[in-house]
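Protein chains in written order, with my numbering: chain A, 376 to 733; chain B, 23 to 188.
Report on the structure given below.
Written out as structure tokens, the structure reads:
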């Protein structure tokens, strides 16, 4: 599978279907595992890393149903290609930017990826569209069981699965859900939401932003604790909180519709207008405007445009995706022009699926 | 005074007032610059959390105790407790065994618990302690090669092969 092909298809979490997908973009579970017979990554020399990579790669491809996974050697990948995988959430930023032998095995439908030699020897990641933590857990548990038959995982009877950083020890599991919360941002309730989540040890993080600044009003909620609770309990904690957040966001949207219908409609229409007609546009501005448009579609204020298309626009207007789709490297100024061009083409004709046929 | 992250002299003295007790950092110019300009993602923020919590271990101990503790090294991978405290990352699975006592307060601080109650690997036959031996043997083999003691290296290699094939 070439990366260019991947660029054109709509991966799992971009589908825009799945439960509660007006607000929940995706559900993600990550497991951290290490082999017992090698040092943790930081203490590894180059030959250790090669040996771990070889061992894991052979194990993964020895499993019948995984013979069609795409294997990508991240270490020798061009920077734009690494960035591409990060934008698509198939590898972490850490994986893209660190050094030394490291790679990733990717499912054709982008439902899961297996990172080799990230912070831990193996990081398994499953992503499902919408609020779907239970099915994501079922999938990742199966993957873990399959691998465990062939690999000596580092495990301690007291501390659980052993990880390079004590913040991941125990279950080695990070559960996260990505939410779109534009109304809570507009009504200035988002800070309150953060603070109450932090009180119950859930972390909140903005998507694609530096630090905690959330671009496009996307927020990722995840567990902070990984030890002392079972995987089911950690899942349940997030599963219990997300519906409450969804409810807050829906109420905030209804409030905006009731109390400032005209302003809201104006905001959404202007956003749509700029996206359709700009000649050059930055990625930040695009995220900001697409967020309003996405909310507008959910509230029935914009017609002839579907959520999957908007999700696709969010991804395809990211820097590396633009370049992969165009087939050449572009500097910032050229990217801004290309972005505007891409948006015009896809917003003016919402039924046009030439992107897939390209 | 030395930089807390390396051996150079500390020329920047930073007091962080983010938590209940002020955190004092003494850094050289390079580490101060890195510290002040870092953009942290939560995953990274949490591991520097581990590092700074490890720094807090200082509070309950005398300078002597701490320097003794810092010099302890893992017999398998060689990492010292000092190195762990400053990097926030451990060296190998055996560190959880040899530094168990020192790690416990840190783990309680992070997770509020020390006992794993979740999933366990089904194949008990591959115990972690048995496998981590390989890490130590490989390290010794590497040292033997560097010191050109090829007979020793060859013996170690045979030992490694024997255990790996089990």
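Quick reminder that beta carbons are idealized off the backbone N, C-alpha and C, glycines included.
Legend entry - Closer than 9 Å at the beta carbon, the chain A residues around residue 118(B): Within 9 Å Cβ-Cβ: 529, 531, 533, 534, 537, 541 and 544.
Inset, instruction - Could you list the residues in the segment 392–417 of chain A with a C-beta less than 7 Å from some C-beta on chain B, going in chain order? - result: 409, 411, 412, 413, 414, 415 and 417
Inset, instruction - Check each candidate in 119(B), 23(B) and 128(B) and name the one with the smallest Cα separation from residue 531(A). - result: 119(B)
Legend entry - Contact with chain A by residue 127(B), beta-carbon distance below 8 Å: no
Legend entry - Per-residue contacts from residue 179(B) into chain A (C-beta, under 8 Å): Neighbourhood of residue 179(B) in chain A, by CB distance below 8 Å: empty, with the nearest CB roughly 13 Å away.
Legend entry - Cβ pair count under 8 Å reaching 3, the segment 154–173 of chain B against the segment 565–578 of chain A: no
Inset, instruction - Look at the alpha carbon of residue 135(B) and the alpha carbon of residue 454(A), and state the distance between them as a whole number of angstroms. - result: 41 Å
Inset, instruction - List the residues of chain E that residue 137(B) touches, going by C-beta distances under 7 Å, in chain order. - result: The structure shown has no chain E; the protein chains it does contain are A and B.
Inset, instruction - Check each residue of the segment 548–572 of chain A: if its Cβ is closer than 9 Å to any Cβ of chain B, include it; give the result in chain order. - result: 548 and 549
Inset, instruction - State yes or no: is the beta carbon of residue 438(A) nearer than 8 Å to at least one beta carbon in chain B? - result: no
Legend entry - Selected residue, minimal CA-CA separation from residue 444(A), among 479(A), 593(A) and 600(A): 479(A)
Inset, instruction - Give, in chain order, every residue of the segment 510–525 of chain A whose Cβ lies closer than 9 Å to some Cβ of chain B. - result: 516, 519, 520, 523 and 524
Legend entry - Spatial distance of residue 520(A) from residue 551(A) (CA atoms): In a straight line, the C-alpha of residue 520(A) is about 21 Å away from that of residue 551(A).
Inset, instruction - Please state whether DSSP places residue 453(A) in a helix, a strand or coil. - result: In the structure shown, the three-state DSSP call for residue 453(A) is coil.
Inset, instruction - Would you mind telling me which residues of chain B sit closer than 9 Å to residue 600(A), beta carbon to beta carbon, in chain order? - result: Counting only Cβ-Cβ distances below 9 Å, residue 600(A) has contacts in chain B at 132, 133, 134 and 135, in chain order.
Legend entry - Run of the alpha helix (DSSP H) containing residue 158(B), from where it starts to where it stops: Run containing residue 158(B): 150–168, per the alpha helix (DSSP H) assignment.
Inset, instruction - Kindly indicate if chain B contains any beta-carbon less than 8 Å away from that of residue 606(A). - result: yes
Legend entry - Bounding residues of the alpha helix (DSSP H) (the contiguous stretch that carries residue 643(A)): First-last of the alpha helix (DSSP H) with residue 643(A): 636–652.
Inset, instruction - Out of 602(A), 661(A) and 694(A), state which residue places its alpha-carbon closest to the alpha-carbon of residue 133(B). - result: 602(A)
Inset, instruction - Would you please verify whether the beta carbon of residue 141(B) is less than 8 Å from any beta carbon of chain A? - result: yes
Legend entry - Interfacial residues, the segment 147–175 of chain B to chain A, with Cβ spacing under 7 Å: Cβ contacts with chain A come from 148, 150, 153, 154, 156 and 157.
Legend entry - Residue environment, residue 703(A), which counts as buried when at least 16 other CB atoms sit within 10 Å: Residue 703(A) is exposed by the Cβ-count criterion.
Inset, instruction - Pick helix, strand or coil for residue 575(A), following the three-state DSSP scheme. - result: coil
Inset, instruction - Name the two residues that bound the continuous beta strand (DSSP E) containing residue 480(A). - result: Residue 480(A) -> beta strand (DSSP E) spans 478–481.
Inset, instruction - Answer yes or no: do residue 690(A) and residue 383(A) have a C-beta to C-beta separation smaller than 8 Å? - result: no
Legend entry - Short CB-CB distance (under 8 Å) between residue 63(B) and chain A: For residue 63(B), the pLDDT reaches just 46, beneath the cut-off of 50, and the residue's location in the model is therefore unreliable, although a value from the coordinates is still provided. By this cut-off, residue 63(B) is an interface position.
Legend entry - Supposed close pair residue 426(A), residue 449(A) - CB separation, criterion 8 Å: The pair is not a contact, with the Cβ atoms about 17 Å apart (cut-off 8 Å).
Inset, instruction - Note the first and the last residue of the continuous beta strand (DSSP E) segment covering residue 498(A). - result: 497–504
Legend entry - Outcome for residue 176(B) when other beta-carbon atoms lying within 10 angstroms are tallied against a minimum of 16: exposed
Legend entry - Per-residue contacts from residue 97(B) into chain A (C-beta, under 9 Å): Chain A residues near residue 97(B): none, gap ~13 Å exceeds 9 Å.
Inset, instruction - Check whether the Cβ of residue 56(B) lies closer than 8 Å to any Cβ atom in chain A. - result: No, residue 56(B) lies away from the interface with chain A (no Cβ there is under 8 Å from its Cβ).
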